Ligand code: ADP
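Numbering (my numbering), first residue to last: 5 to 453.
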């Protein structure tokens with residue numbers, strides 16, 4: 005049973021069920037109609053007998069019979085007897101036992117020569133003549149025979165019907181199970197060839213199995229994307245580490261030569277220190293993002309003065325901005341409280357502000373805004389720098405994405421905005437960017453109050 009396919013199991017199951025149901029229904033139907041037929045015969049017999057008294061008259065000293073009595077209407081034979089049981093007129097079926105005793109107003113069963121008859125006798129009074137009997141006889145066997153033919157017909161057609169249902173059922177089940185076959189085939193191909201781009205590729209929405217196949221494709225899409233991301237991630241990390249590591253190696257080699265002056269040693273160590281700081285910052289950012297991905301990063305939520313926190317971040321940026329002759333203009337609404345993780349929120353501001361310093365215009369202006377608007381907290385960092393092209397805009401939130409490597413800071417790895425986006429989301433907010441190349445960019449976030 006284990007090795008039989010589901011298709012066959014289902015086909016056999018409902019063929020058997022159908023046979024049982026059809027047999028039961030036919031059985032009930034036949035037994036009911038048999039009883040119905042017999043009781044109809046009896047009623048017709050009684051009616052015919054009682055109605056036929058009108059066909060007998062007594063005229064001119066003798067009985068006058070209407071020829072209707074001789075007619076075999078409804079297969080009923082009528083015969084008339086005098087009060088002593090002597091036959092007067094009518095027809096008697098062949099094989100009927102004429103010795104059957106008279107029984108007034110009662111249906112009798114009479115068997116003779118394997119033929120079964122219903123007999124109904126009725127006495128009546130004919131004006132001028134006296135008592136007579138009218139006997140009605142009908143062959144039950146005849147009626148039952150025609151019924152039997154119907155049964156035989158059904159018994160012959162029933163297996164045919166079941167076989168037809170079985171065949172049709174098999175093809176329907178086969179069609180219905182097509183998506184399952186396709187899914188199995190796809191999985192097998194993926195397993196054998198390792199090609200994750202394979203899809204079941206059935207149109208969706210027809211029935212549950214087709215929907216399952218479509219969902220399966222969605223899942224494959226996700227798996228493929230995450231594997232690609234994983235591969236991209238590994239290659240990006242190695243790529244990002246290669247430059248600082250080779251700078252450190254070169255510096256070390258140089259420092260190990262004997263003819264290095266004190267001054268050169270100091271400069272070399274400073275370069276190594278800078279690169280190590282870069283690597284260490286990158287590692288800590290990656291760790292945070294990876295913990296965030298796994299939902300393991302614990303937030304320290306507290307009620308904090310968001311206005312003050314923003315003020316502090318802007319102040320810190322002023323120092324950096326001065327190196328590029330930039331002005332930091334703040335427009336911070338006072339007394340905005342927020343429930344969030346202080347370290348993460350500072351990091352969010354600093355990442356946005358650092359970018360504004362790095363990608364802003366030499367001698368330009370950075371605007372920092374924080375206000376309440378429509379029951380939300382709205383924050384913005386605006387610069388008048390290099391801007392971001394339409395082509396790059398959708399990607400700037402991706403890890404390691406750097407719009408134009410010739411213009412990006414050598415100290416950055418393209419992780420800053422991914423972190424900003426995660427921090428905003430984890431606080432229930434949204435972030436958007438508006439940017440025009442060579443005009444500047446605005447990063448705007450919104451937090452629920
Ligand atoms: P990075 O460490 O390179 O700054 P980010 O994730 O912070 O990485 O930013 C991704 C990229 O988005 C940057 O490399 C830069 O090309 C672009 N970008 C970010 N902020 C700005 C900005 N204020 N103006 C112009 N480009 C920006």
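Positions of the beta carbon are idealized from the N, C-alpha and C atoms, including for glycine. Just so you know, these numbers come straight off a predicted model, no measurement behind them.
For the candidate residues 162, 70 and 68, whose alpha-carbon lies nearest to that of residue 25? 162
Considering only residues of the same chain and omitting the five flanking positions on each side of residue 359, which have a CB-CB separation below 7 Å? 420
Whole alpha helix (DSSP H) elements within the stretch 336 to 421, 4-residue minimum: 346 to 363
Which term fits residue 355, buried or exposed, when burial requires 16 or more other beta carbons within 10 angstroms of its beta carbon? buried
Give the DSSP bridge partners of residue 62, in chain order. 67
From the DSSP output, which residues share a beta bridge with residue 80? Residue pairing by DSSP places residue 80 opposite 142 in a beta bridge.
Could you tell me whether any non-hydrogen atom of the ligand ADP is closer than 7 Å to the CB of residue 290? no
Tell me whether residue 129 is buried or exposed, calling it buried when 16 or more other Cβ atoms sit within 10 Å of its Cβ. exposed
Simplified DSSP state of residue 23, which is helix, strand or coil: Three-state DSSP puts residue 23 in a helix.
Only counting the same chain, and skipping five residues up and downstream in sequence, which positions put a Cβ closer than 7 Å to that of residue 345? 303, 304 and 305
Which residues bound the alpha helix (DSSP H) around residue 221? 212 to 260
Starting from residue 444 and walking both ways along the beta strand (DSSP E), at which residues does that stretch end? 444 to 452
How many Å lie between residue 66 and residue 134 at the Cα? Their Cα atoms are separated by approximately 11 Å.
Can you check whether the CB of residue 397 is closer than 8 Å to the CB of residue 439? yes
Continuous beta strand (DSSP E) assignments of at least 3 residues falling wholly in the stretch 103 to 182: 111 to 116, 119 to 130 and 134 to 143
Hey, quick one: how far does the alpha helix (DSSP H) through residue 271 stretch, first residue to last? 266 to 297
Residue range of the unbroken alpha helix (DSSP H) whose run includes residue 316: Run containing residue 316: 310 to 327, per the alpha helix (DSSP H) assignment.
Cut-off 8 Å between Cβ atoms - residues of its own chain near residue 79, not counting five sequence neighbours on either side: 142, 143, 146 and 147
Less than 7 Å separating the Cβ of residue 325 from some heavy atom of the ligand ADP? The closest heavy atom of the ligand ADP lies 7 Å or more from the beta carbon of residue 325.
The beta strand (DSSP E) that contains residue 94, what's its start and end? 91 to 94
Tell me whether the beta-carbon of residue 122 lies closer than 8 Å to the beta-carbon of residue 60. no
So, under 8 Å CB-CB, residue 81 and residue 103 are touching, yes? Tell me the CB distance rounded to an integer number of Å. Not really, about 16 Å apart at Cβ, beyond 8 Å.
Can you have a look at residue 318 and say buried or exposed, based on whether 16 or more other CB atoms are within 10 angstroms of its CB? buried
Under the three-state reduction of DSSP, which class applies to residue 86: helix, strand or coil? strand
Residue 352 versus 283, 388, 430 and 389, residue with shortest Cα-Cα distance: 430
By alpha-carbon positions, which one of 118, 124 and 42 ends up nearest to residue 54? 124
Going straight from the alpha carbon of residue 321 to that of residue 298, what length do you get? 32 Å
Is any heavy atom of the ligand ADP found at a distance shorter than 7 Å from the C-beta of residue 387? yes
Exposed or buried, what is residue 244 when buried is set at 16 or more other beta-carbons lying within 10 Å of its beta-carbon? buried
Flag this pair as touching only if the stretch 254 to 263 and the stretch 228 to 238 have three or more C-beta atom pairs under 8 Å; answer yes or no. no
Element boundaries [beta strand (DSSP E), containing residue 204]: That residue, residue 204, is in no beta strand (DSSP E); it is neither H nor E in DSSP.
For residue 33 and residue 153, the rounded distance between their alpha carbons: 15 Å
Measuring alpha carbon to alpha carbon, tell me which residue in 401, 213, 174 and 168 is nearest residue 188. 213
Verify the contact flag: residue 236, CB atom, against every heavy atom of the ligand ADP, threshold strictly below 7 Å. No, Cβ of residue 236 sits at least 7 Å from all heavy atoms of the ligand ADP.
Would you mind reading off the limits of the beta strand (DSSP E) that contains residue 439? 434 to 440
In chain order, what residues of the same chain have a beta carbon less than 7 Å from the beta carbon of residue 379, not counting five sequence neighbours either side? 453
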